[in-house]
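Okay, so here's the structure we're looking at.
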Amino acid sequence: MESTNGTSGSTESQGTSRRLRKALKRDAKEIVLNVFNYLNRTMSQGDALARCESMTGVPEWTIRRVVHEKKKTGATTDPKFNLKGRKAVKLDDDSKMALRRTVHSFFFRNVIPTLKAIHAAIKENEIIPQMSVEVMRKSLHEINFRYETRNRKSVLIERPEIVAWRRKYLLEMIEYRRQSRKIYYLDETWVNAGHTVKKTWIDKNVVSNRQASIEGLSTGLRGPSKIDRNSCW
Numbered sequence: 001m002e003s004t005n006g007t008s009g010s011t012e013s014q015g016t017s018r019r020l021r022k023a024l025k026r027d028a029k030e031i032v033l034n035v036f037n038y039l040n041r042t043m044s045q046g047d048a049l050a051r052c053e054s055m056t057g058v059p060e061w062t063i064r065r066v067v068h069e070k071k072k073t074g075a076t077t078d079p080k081f082n083l084k085g086r087k088a089v090k091l092d093d094d095s096k097m098a099l100r101r102t103v104h105s106f107f108f109r110n111v112i113p114t115l116k117a118i119h120a121a122i123k124e125n126e127i128i129p130q131m132s133v134e135v136m137r138k139s140l141h142e143i144n145f146r147y148e149t150r151n152r153k154s155v156l157i158e159r160p161e162i163v164a165w166r167r168k169y170l171l172e173m174i175e176y177r178r179q180s181r182k183i184y185y186l187d188e189t190w191v192n193a194g195h196t197v198k199k200t201w202i203d204k205n206v207v208s209n210r211q212a213s214i215e216g217l218s219t220g221l222r223g224p225s226k227i228d229r230n231s232c233w
């Protein structure tokens with residue numbers, strides 16, 4: 001019976017110790033210390049440690065550490081947790097250029113570059129370090145991207161394909177008139193009228209079509225690019 005009880009008590013103590021193997025806060029340390037000091041008045045230190053462990057569920061080695069801390073410093077303190085956060089993500093020049101080109105790849109496809117879409121795209125790029133959406137947003141600002149209202153008027157005037165379309169349109173109109181064909185003017189219908197977002201990411205480093213062409217970049221999302229062919233004939 002004694003052997004059985006001893007085993008049961010030992011198992012219970014070990015189980016309790018496993019459950020409480022956490023850093024003790026100052027208040028908990030004081031309670032453990034008070035229990036130990038009370039027991040140590042009437043029994044040896046070894047017996048007091050064992051009894052204190054049984055009563056509090058705190059491992060003996062932890063009790064020893066609390067007692068030692070009190071004797072050494074005269075007080076008990078809260079545990080020091082590791083407050084180190086994630087490593088700061090720093091982009092080198094190659095990573096910055098890769099991030100810039102990732103955003104411009106959306107512009108080339110005339111797809112709205114949302115933060116979610118950009119973040120999904122950079123996950124597939126081995127050059128760009130993995131980062132959270134918020135860190136990526138800050139990185140975009142660092143390389144001079146801004147989330148701003150689109151200037152549709154300037155887009156229509158400056159886009160090179162608009163200039164080319166206008167030239168083609170005027171040449172066709174001259175030819176139609178030369179042939180004395182009837183020309184009917186209807187309402188304008190934009191092929192990509194669905195692109196009605198008010199704000200988008202804009203690369204402030206790109207200031208001209210020539211610069212964009214030299215650097216292999218774009219000037220942003222395209223505005224309305226064509227009038228429906230049914231608008232005149």
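Numbering follows this note's numbering, with no gaps: position 158 of the sequence shown is 158.
Just so you know, even glycine gets a beta-carbon here, dropped at the ideal spot from N, CA and C.
| Query | Result |
| --- | --- |
| Range covered by the beta strand (DSSP E) that runs through R146 | 145 to 149 |
| Cβ of E175 within 8 Å of any chain D Cβ | The question asks about chain D, but that chain is absent: this structure has only one protein chain. |
| Pairwise C-alpha distance: M131 and N209 | 31 Å |
| T76 in three-state terms, based on DSSP | coil |
| Euclidean distance between Cα positions of T56 and L24 | 12 Å |
| Helix, strand or coil at D27 [DSSP, three-state] | helix |
| Contacts around A212, its chain only, beta-carbon distance under 7 Å, and the 5 residues preceding and following it disregarded | V206, S218, T219 |
| Status (buried if at least 16 other CB within 10 Å, exposed otherwise) for I214 | exposed |
| S218 - DSSP class collapsed to helix/strand/coil | coil |
| Cβ contact (3+ pairs, closer than 8 Å) linking the stretch 95 to 114 and the stretch 36 to 45 | no |
| Distance CB(K70)-CB(L33) smaller than 8 Å | yes |
| V103 beta carbon less than 8 Å from that of I118 | yes |
| Cβ distance (whole Å) where R26 is taken to contact T76 below 8 Å | 5 Å |
| Buried/exposed call for P113, threshold 16 Cβ in 10 Å | buried |
| Which of helix, strand or coil DSSP assigns to I63 | helix |
| 8 Å CB neighbourhood of T48 in its chain, flanking five on each side removed | Correcting the residue type first, residue 48 is Ala in the shown sequence and not Thr. Within the same chain, A48 has close Cβ partners F36, L39, N40. |
| Best match in Y147, S95, F145 for proximity to N125 [C-alpha to C-alpha] | S95 |
| Identified DSSP bridge partners for W201 | Y147 |
| Pair within 8 Å by beta-carbon distance, F108 and D203 | no |
| Nearest residue (CA-CA) to K138, options W201, R167, R166 | W201 |
| Own chain residues within Cβ distance below 8 Å of N141, not counting five before or after | It is worth fixing the name first, because residue 141 is His in this sequence and not Asn. Closer than 8 Å at the Cβ level, and outside the excluded window around H141, lies no residue. |
| Beta carbon of L91 nearer than 8 Å to that of P59 | no |
| Burial state of K29 (16 or more Cβ within 10 Å) | buried |
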